[in-house]
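Chemist: Supplied in structure tokens, the structure appears directly below.
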Amino acid sequence: MRLSKHLADLASSTLQSALGLDERPDPLLRPADPKHGDYQLNAAMALAKKLGRKPRDIAEEAATELAKLDAIASADVAGPGFINLRLEEAWLAARLTESLSDPKLGVDPVDQPETIVVDFSSPNTAKEMHIGHIRSTIIGYAIVQLLREIGHEVIGDNHLGDWGTQFGLLIVGLREWGDEAKLKEDGVAELERIYKLASAKKNEDEAFADAARAALAELQQGDPESRALWERFMAITREAFDAVYARLGVTFDEWLGESAYQDRLEGVVGLLQEKGLAKEDQGALGVFFQDLGGELPKSLRKVKTPFIVRKKDGAFNYGTTDVATILYRKERWNADRSVYVVDTRQGLHFQQLFEVAKRLGVEMELTHVGFGKILGPDGKPLRTRDGGVPKLMPFLDEAVSKARERIEEGRESGRLRIADEDVDEAVKVIGIGAVKYADLMQNRTTDYRFDPEKLIEFKGQAGPYMQFQVARIRSIFEKGGETLEGFSAPILLDHDREKALARVLARYPDAIHAAAETYQPHLVCDHVYEVATAFSGFYDDCPVLDAEGDARASRLALCALSEHQLAHGLGLLGIGVLDKM
RNA sequence: GCACCCGUAGCUCAGCUGGAUAGAGCGUCGGACUUCGAAUCCGCAGGUCGUAGGUUCGAAUCCUACCGGGUGUGCCA
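All residue numbers for the first sequence refer to numbering that gives the first Met the number 0, where the first residue is 0 and numbers rise by one.
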């Protein structure tokens, strides 16, 4: 049960009947400062003007009725007309006890499930994945799982950049510099080497550039030899990608790269022309928004940049593919939504794309979920010593090896209880988990500062803190000879720490829904952190195994629910947990 | 030039569908291990919410202008 939704519904109908209104008012339910209560209702101030009455009088009348509800222990009026609600603890405890035996932990499905395509990760092929791809991959995967968790039909799609100009360059480059031995040994590195050489030569050698364009044209026309080369490039990169995804524990439902839409591009361009959306200019065909008339978002009214769908050399570019992709998603899945987890720097492109889709009459909610760059501790974009963008795999290797150092230190000093045979797994779960948590906990669509040293400090709001609480809980159950899985007992709230923990636990369904609906995984990070903190406080002051009878069972139940929310919540973020650490 | 994003504690950041005395982590300082795991817990200190106006019973949150930073801006993705 979503507590906030449930209470808002209750409050709304109570307000309606208490005040004799025609419609159900928005109760303006907000979480309150604990000093005042659990929730506050601010509707009285808003309704005062409409009803021509004093806000305090309205509040008094409503409060009297609200206090009669089972869920409400007290409803008091304060200040100009705030209604402070305090939850009935027995009621709250009963709801938590229910959620303990619910496999979904109280996360109810949305009323209207949708089919949603989440477009994420999407690296360019024939290149190694670099640091810039980690955010889309991690954030995107979390969003897929969150949307699925609240009941939507979700298709996670890796929209690979597997088509385009770079393949013409690679084909001619391969003829000139290709080294078969290196290609077999470390294919992606060799492809990158060739690409860099070719890319540089293109700018100085017109004949070479022409040859690359010709090679691309041949590939696009289905020339078997070019096609075979392209397939080889794909196989080589796919292997490297799979290694990264395995490491991150990320999977996809579809791998529909740009190449999958090639035979539809001609048609897309034709459609755009037919609808009068695209026109020719300087040899290229594009959508010029200012010329279209009708309402436009502000950012497209003044920015003159057209949305190019066919270049002057006749080739299509990524915008064309993106339009084709939207049409395909409608056609194949009748998708209600497409979500693009892509760098904020592509914001203009998506605004244009969405406007084109709208003008084509596509009924689909299109959202660009942007995110910023990863900066180093100095506030500048992360760079390698030679100024390049760091590769993803070595970056993960480094994080994991730092985690290993810390874990070995911890084991030597006796703070950590990881058996020899479990060290490798623990290092992976903790190291990768720390990287993911650090990334996901940020909300901002702007850049975020990443300090590898701090990452692995393992204190405060960081992945390992959450994992540690899970290990503590599991160890209580082990020591007490109890089974965590399926454990159930009535929850009783007596100690202040128990009450505080219970209030946090009650918010889990709200947190999951809010995170999914607003594409903000950091809300799950926040919740999981609050559970961990509240649990840790409870753990310090409330003995579990030494308690007796119902109190012991209740405390075990609080432990179990905390563990479930931590493990499950982290799982939605793609972060694992351990039995011992 | 135009468009988008950002400016909150020493540092990194939450909070922004408007609600009461603006919160965390790190860092500083001080407490707590004979008791279920101290990678933990408890406490102190720390703020002109970039600036100036406006709307409102009420503004970090909405609007306007300005200052400062970032990003994008015709055939890369």
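Ideal placement from N, C-alpha and C gives every residue a C-beta, glycine not left out.
Work out the CA separation of S11 and A61 for me, nearest whole Å.
Modeler: So the two alpha carbons sit approximately 10 Å from each other.
Chemist: Can you tell me whether L159 is helix, strand or coil according to DSSP?
Modeler: When secondary structure is reduced to three states using DSSP, L159 falls in the coil class, being assigned neither helix nor strand.
Chemist: CB D156 to CB D118, shorter than 9 Å?
Modeler: yes
Chemist: Is the distance from the Cβ of V576 to the Cβ of C558 below 9 Å?
Modeler: No, these two residues do not count as a Cβ contact at 9 Å.
Chemist: Which residue from G248, V187, A74, Q111 puts its Cα closest to that of I133?
Modeler: Closest by C-alpha distance to I133, out of G248, V187, A74, Q111, is G248.
Chemist: With a cut-off of 8 Å, do at least 3 Cβ pairs link the stretch 252-270 to the stretch 197-206?
Modeler: Contact fails: fewer than three Cβ-Cβ distances are below 8 Å.
Chemist: Starting from T366, trace the beta strand (DSSP E) in both directions and tell me its first and last residue.
Modeler: 364-368
Chemist: How is the beta strand (DSSP E) around W39 delimited, first residue to last?
Modeler: Here the sequence assigns Gln to residue 39, which means Trp is not the residue at that position. Q39 -> beta strand (DSSP E) spans 38-40.
Chemist: Between the stretch 15-35 and the stretch 44-61, are three or more C-beta pairs nearer than 8 Å?
Modeler: Yes: the two stretches touch, three or more of their Cβ pairs being nearer than 8 Å.
Chemist: Taking buried to mean at least 16 other C-beta atoms within 10 Å of its own C-beta, is R473 buried or exposed?
Modeler: buried
Chemist: Can you give the Cα-Cα distance for I406 and A505, rounded to whole angstroms?
Modeler: 33 Å
Chemist: Looking only at its chain, what residues have a beta carbon closer than 8 Å to the beta carbon of V361, apart from the 5 residues adjacent to it on each side?
Modeler: I325, L326, K329
Chemist: Going along the chain, which residues of its own chain have a beta-carbon closer than 6 Å to the beta-carbon of L372, five neighbours each way excluded?
Modeler: First, the amino acid is wrong: residue 372 is Lys here, not Leu. So the list reads P380, D446, once near-sequence residues are dropped.
Chemist: Does the separation of the CB atoms of R382 and G375 fall below 9 Å?
Modeler: yes
Chemist: F449 and I429 - do their beta-carbons sit closer together than 9 Å?
Modeler: no
Chemist: DSSP puts P122 in a beta bridge; with which residues?
Modeler: Looking at the DSSP assignment, P122 forms no beta bridge with any residue, so it has no partner.
Chemist: Which runs of the beta strand (DSSP E) at least 3 residues long sit entirely within the stretch 93-117? Give them in chain order.
Modeler: none
Chemist: Excluding five sequence neighbours on each side, which residues of the same chain lie with their C-beta closer than 6 Å to the C-beta of P389?
Modeler: I130, L381, T383
Chemist: I'd like to check one pair, G432 with P393: are the Cβ atoms closer than 9 Å?
Modeler: no
Chemist: Pull up the distance between the alpha-carbon of L284 and that of P26, whole angstroms please.
Modeler: 52 Å
Chemist: Sorted by chain position, which residues of the same chain lie with C-beta nearer than 7 Å to M233's C-beta, five sequence neighbours on each side aside?
Modeler: T124, D161
Chemist: Tell me whether D321 sits in a helix, a strand or coil according to DSSP, three-state version.
Modeler: helix
Chemist: Assuming the contact rule is C-beta atoms closer than 8 Å, L6 and A45 should be a hit. Round their C-beta distance to whole Å, please.
Modeler: In fact, because the Cβ distance is near 17 Å, the residues do not count as touching under 8 Å.
Chemist: To which residues of the same chain is S135 closer than 8 Å at the C-beta, ignoring the five residues directly before and after it?
Modeler: F119, S120, S121, V340, V341, D342, F370
Chemist: Any chance the stretch 210-226 sits against the stretch 178-195, with 3 or more Cβ pairs inside 8 Å?
Modeler: no
Chemist: Check D280 in the structure and name its three-state DSSP category.
Modeler: strand
Chemist: Quick one, which of L291, V308, I307 has its alpha-carbon nearest R300's?
Modeler: Checking every option, the nearest Cα to that of R300 belongs to L291.
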